Structures are given as structure tokens and as C-alpha cells.
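Just below is one structure, and these are the notes that go with it.
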Amino acid sequence: DAKTTQPTSMDCAEGRAANLPCNHSTISGNEYVYWYRQIHSQGPQYIIHGLKNNETNEMASLIITEDRKSSTLILPHATLRDTAVYYCIVLYSGGGADGLTFGKGTHLIIQP
Amino acid sequence: DAGVTQSPTHLIKTRGQQVTLRCSPKSGHDTVSWYQQALGQGPQFIFQYYEEEERQRGNFPDRFSGHQFPNYSSELNVNALLLGDSALYLCASSLGWLAGGFQETQYFGPGTRLLVL
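Protein chains in written order, with this note's numbering: chain A, 1 to 112; chain B, 1001 to 1117.
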């Protein structure tokens, strides 16, 4: 799987949009970008994924650059419960479910 | 719709012992993956089971073994426990090979916290 680079930590004020960047400059054409988050001592929670188009669901939006070398996860109205470690993962789309390779992620802290 | 469940939630063992952890996948899922998460680190992939067979394996020794049952539930066994095996063990389920063509999202359980003394 391609490697990803994320900032170690970020702060965001409650109610504001949280924008979490991820670099994946070696991504190949058949690899998806996945985002998971892990709230302290819980199992990782799936957020969103995409291939090349921007995606939105009830939790977040995913913006992927045209060259696919980076992406941004957007939490539109951050709350204190969004404080967590956010993982950006690149995953081959060849069918079936492969083992996910987690890096260190970004520790997002939402400030009241 | 029940999500992924794991048991037990916490476990304390001593070095050299053996442990078995259990996982029930999300309803409708047929593939189970296991991960180990040491304190302060991201989860590390151990192995994946589909159709009762180990399909993929991460960089873990043979002390780590598993099993998948006909109802898709799974067990993770660790023999000859070491202090370094202390970690949160996570199970994730997905709809695996039947989906075809693209990756299916993995959904995680709450984990089992293992402490080896």
C-alpha cells in the first residue's frame, strides 16, 4: 500500500470546520483513500472513502486533488466528540478486503 | 443491526500462557480481520479469514493463529505469551471476496485489552 503523511496533531474550535490534510504522493490509479478515526480506547470508526471524485456523507466530506496526490477530510461543524486520532489510509481496490496499514494519524483536538 | 462484537473486553495473563479472543462479525459480513494495537501506536494487521481459511497475514510470528467458524465468527489464539503481546486486539469485519471489483469497508469492534504480566 502507498504511504501517507499526516500532521501529528491539530486543534480546531468547536463549531468550526476541521480540515485534516493527508499526502499520498505515490498513490496508484486503483488505490482508494480511506479515512478512519479512533476515539480514545475505542475501535477505529470508518468515516469515508473515495477514489478520485469528492465524496460526502453524514459525517464528513472528502476532497481529493485532481492529481490524487493529496486529500483533505472536512468535518463541517466540529464538536467536542470529534476529538480523536484520524487515520488516512490508501488501499488497493482489487477486490476483497485487504489488511489496513495504519500510520500514526492526526490527533485532532476540538477546543471548546 | 448488531455491529462487530468482541469478548472478553479485558484479560490479564502471565508470560508463557495461551489466550483465545473471540469476534462476531457485523450481520451480513463474511470476512474477519484481526489487528494488534500497542499503546500509542496505530493498529497493526495480524491476519484475515474468509471461508474458514487464513487469506492474508501480516508480519506476526506463528504464535499468533486463528480460526473462522461456519457462522463467520472468529477466534484469535496467541501461544507462549510475551510481555510485548500486551495490547488492544481489534477485530474488523467486511463483505469480502463476494463483493469483487473494489475494496469493501472494514468495520471494527471495540477490542479486547490484553495485559501480560
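Note that the Cβ used here is the ideal one computed from N, Cα and C, for glycine as well.
No experiment lies behind these values; they were computed from the predicted model shown.
Around the Cβ of residue i, are there at least 16 other Cβ atoms within 10 angstroms (buried) or fewer (exposed)?
| i | result |
| --- | --- |
| Glu-31 (chain A) | buried |
| His-1010 (chain B) | exposed |
| Ala-1083 (chain B) | In the sequence as displayed, the identity of residue 1083 (chain B) is Leu instead of Ala. Counting Cβ neighbours within 10 Å, Leu-1083 (chain B) comes out exposed, since fewer than 16 surround it. |
| Thr-65 (chain A) | exposed |
| Gln-1106 (chain B) | buried |
| Pro-1061 (chain B) | exposed |
| Lys-52 (chain A) | exposed |
| His-1029 (chain B) | buried |
To which residues of the same chain is residue i closer than 7 Å at the C-beta, ignoring the five residues directly before and after it?
| i | result |
| --- | --- |
| Ala-84 (chain A) | Arg-37, Gln-38, Ile-39 and Leu-108 |
| Phe-1102 (chain B) | In this prediction, Phe-1102 (chain B) scores a pLDDT of 47, lower than 50, which makes its location untrustworthy; the coordinate-derived value is nonetheless stated afterwards. Taken in chain order, the list of residues that qualify is empty. |
How many Å lie between residue i and residue j at the Cα?
| i | j | result |
| --- | --- | --- |
| Leu-25 (chain A) | Asp-67 (chain A) | For clarity, residue 25 (chain A) is Ser in the given sequence; the question names Leu instead. So the two alpha carbons sit approximately 9 Å from each other. |
| Gln-1068 (chain B) | Arg-1022 (chain B) | 10 Å |
| Tyr-87 (chain A) | Phe-1064 (chain B) | 25 Å |
| Thr-56 (chain A) | Gln-1017 (chain B) | 47 Å |
| Phe-1108 (chain B) | Gln-45 (chain A) | 7 Å |
| Thr-106 (chain A) | Leu-1081 (chain B) | 31 Å |
| Glu-58 (chain A) | Ile-1012 (chain B) | 39 Å |
| Ile-27 (chain A) | Ala-1087 (chain B) | 31 Å |
| Ile-74 (chain A) | Gln-6 (chain A) | 14 Å |
| Ser-1007 (chain B) | Gly-1111 (chain B) | 8 Å |
| Tyr-1050 (chain B) | Glu-1075 (chain B) | 13 Å |
| Gly-1040 (chain B) | Phe-102 (chain A) | 12 Å |
| Trp-1116 (chain B) | Gln-42 (chain A) | In the sequence under discussion, the amino acid at residue 1116 (chain B) is Val, which differs from the Trp named in the question. Roughly 20 Å between the two C-alpha positions. |
| Gly-1066 (chain B) | Asn-1077 (chain B) | 6 Å |
| Ser-61 (chain A) | Ala-18 (chain A) | 11 Å |
Taking residue i as the reference, which of the options has the closest Cα?
| i | options | result |
| --- | --- | --- |
| Asn-1059 (chain B) | B:Leu-1021, B:Tyr-1035, B:Ser-1027 and B:Arg-1022 | B:Tyr-1035 |
| Arg-81 (chain A) | A:Gln-6, A:Lys-3, A:Thr-5 and A:Ala-13 | A:Ala-13 |
| Tyr-1089 (chain B) | B:Asn-1077, B:Gln-1106 and B:Arg-1113 | B:Arg-1113 |
| Leu-100 (chain A) | A:Arg-16, A:Pro-21 and A:Tyr-34 | A:Tyr-34 |
| Glu-1104 (chain B) | B:Val-1032, B:Arg-1015 and B:Thr-1020 | B:Val-1032 |
| Pro-112 (chain A) | A:His-49, A:Arg-16, A:Ile-89 and A:Lys-104 | A:Arg-16 |
| Gln-71 (chain A) | A:Met-10, A:Asp-11, A:Thr-8 and A:His-49 | Sequence check: residue 71 (chain A) is Ser here, not Gln. Ranking A:Met-10, A:Asp-11, A:Thr-8 and A:His-49 by Cα distance to Ser-71 (chain A) puts A:His-49 first. |
In its own chain, which residues sit with a C-beta less than 6 Å from the C-beta of residue i, not counting the 5 before and 5 after it?
| i | result |
| --- | --- |
| Ser-1167 (chain B) | Because chain B spans 1001 through 1117 in this model, residue 1167 (chain B) falls outside it and cannot be assessed. |
| Arg-1055 (chain B) | Gln-1048 |
Excluding the 5 residues preceding and the 5 following residue i in the sequence, name in chain order all residues of the same chain whose CB lies nearer than 8 Å to its CB.
| i | result |
| --- | --- |
| Arg-1057 (chain B) | Ile-1046, Phe-1047 and Gln-1048 |
| Thr-114 (chain A) | Absent from the structure is residue 114 (chain A), since the part of chain A shown begins at 1 and ends at 112. |
Residues, ordered as in the chain, of the stretch 1010-1040 of chain B that lie near chain A by beta-carbon distance below 7 Å: Residues passing the 7 Å Cβ filter: Thr-1031 and Ser-1033.
Contact residues within the stretch 48-61 of chain A, judged by C-beta distance below 9 Å to chain B: Residues of the stretch 48-61 of chain A that bring their beta carbon within less than 9 Å of a beta carbon in chain B comprise His-49 and Leu-51, in sequence order.
Contact residues within the stretch 1064-1096 of chain B, judged by C-beta distance below 7 Å to chain A: Taken in chain order, the members of the stretch 1064-1096 of chain B whose beta-carbon sits within less than 7 Å of a beta-carbon on chain A are Leu-1090, Ser-1094 and Gly-1096.
Short-range partners of chain B found in the stretch 26-43 of chain A, where Cβ spacing is below 7 Å: Identification of residues in the stretch 26-43 of chain A having a C-beta nearer than 7 Å to some C-beta of chain B yields Tyr-32, Gln-42 and Gly-43, given in sequence order.
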